[in-house]
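Residue numbers (my numbering): 12 to 171.
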């Protein structure tokens with residue numbers, strides 16, 4: 012039987028060269044926009060949180076960045092907590108809330124479809140995280156079309 016002789020990894024070690032950057036650090040040109048759409052359920056995979064981080068990165072690169080929550084994506088924008096709203100029941104429980112709050116505090120805009128909010132998930136506008144703008148379901152497509160017209164960067168987040 013082969014014997015492992017390599018020392019155990021310890022805090023501070025690394026497995027990869029995390030300092031090498033292969034591509035130029037792209038920044039937005041004046042007036043460039045970005046839209047990140049979310050049609051994904053909160054807590055059912057990492058894509059919702061990962062693309063919130065991408066939206067924040069786009070914002071920090073100078074893009075006028077918006078997030079669209081529609082369909083099950085509105086669940087990302089709901090106030091939550093346990094035992095009371097705002098209480099973190101377990102580490103990471105409020106990841107979505109905290110990230111959206113940080114995104115909006117840095118100047119990002121977040122929109123949530125009113126149809127999905129009420130008809131699909133039984134919530135009203137008071138259930139949304141403060142700062143999220145509820146929109147008419149007819150605005151969902153128009154928001155995307157406006158970004159297409161402006162040649163914006165668009166990232167669509169879907170899970171099925």
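Just so you know, even glycine gets a beta-carbon here, dropped at the ideal spot from N, CA and C. Since we're looking at a predicted model, the values are computed, not measured.
Beta-carbon separation (whole angstroms), residue i vs residue j, contact threshold 8 Å
i           : j           : result
residue 52  : residue 16  : With a Cβ gap of about 46 Å, residue 52 and residue 16 do not count as contacting.
residue 72  : residue 47  : Contact flag wrong, Cβ pair sits at about 13 Å.
residue 107 : residue 63  : 7 Å
residue 140 : residue 88  : 5 Å
residue 39  : residue 74  : 4 Å
residue 60  : residue 110 : 7 Å
residue 105 : residue 119 : Not quite, the Cβ-Cβ distance comes to about 18 Å (not below 8 Å), so this is no contact.
residue 50  : residue 82  : 4 Å
residue 45  : residue 69  : 4 Å
Per-residue DSSP class, three states only, for residue i
i           : result
residue 57  : coil
residue 159 : helix
residue 151 : helix
residue 68  : helix
residue 105 : coil
residue 39  : coil
residue 97  : coil
residue 17  : coil
residue 113 : helix
residue 12  : coil
Residue i - containing alpha helix (DSSP H), residue span
i          : result
residue 21 : Looking at the DSSP string, residue 21 is not in any alpha helix (DSSP H), and its letter there is neither H nor E.
Residues that residue i bridges to, as DSSP identifies them
i           : result
residue 143 : Answer is none; residue 143 lacks a bridge partner.
residue 167 : 48
residue 89  : 139
residue 80  : 49 and 123
residue 75  : 44
The segment 142–161 / the segment 116–127 touching (three or more Cβ pairs under 8 Å): Yes, the segment 142–161 touches the segment 116–127.
For the segment 72–81 against the segment 100–119, are there 3 or more C-beta pairs whose distance is under 8 Å? yes
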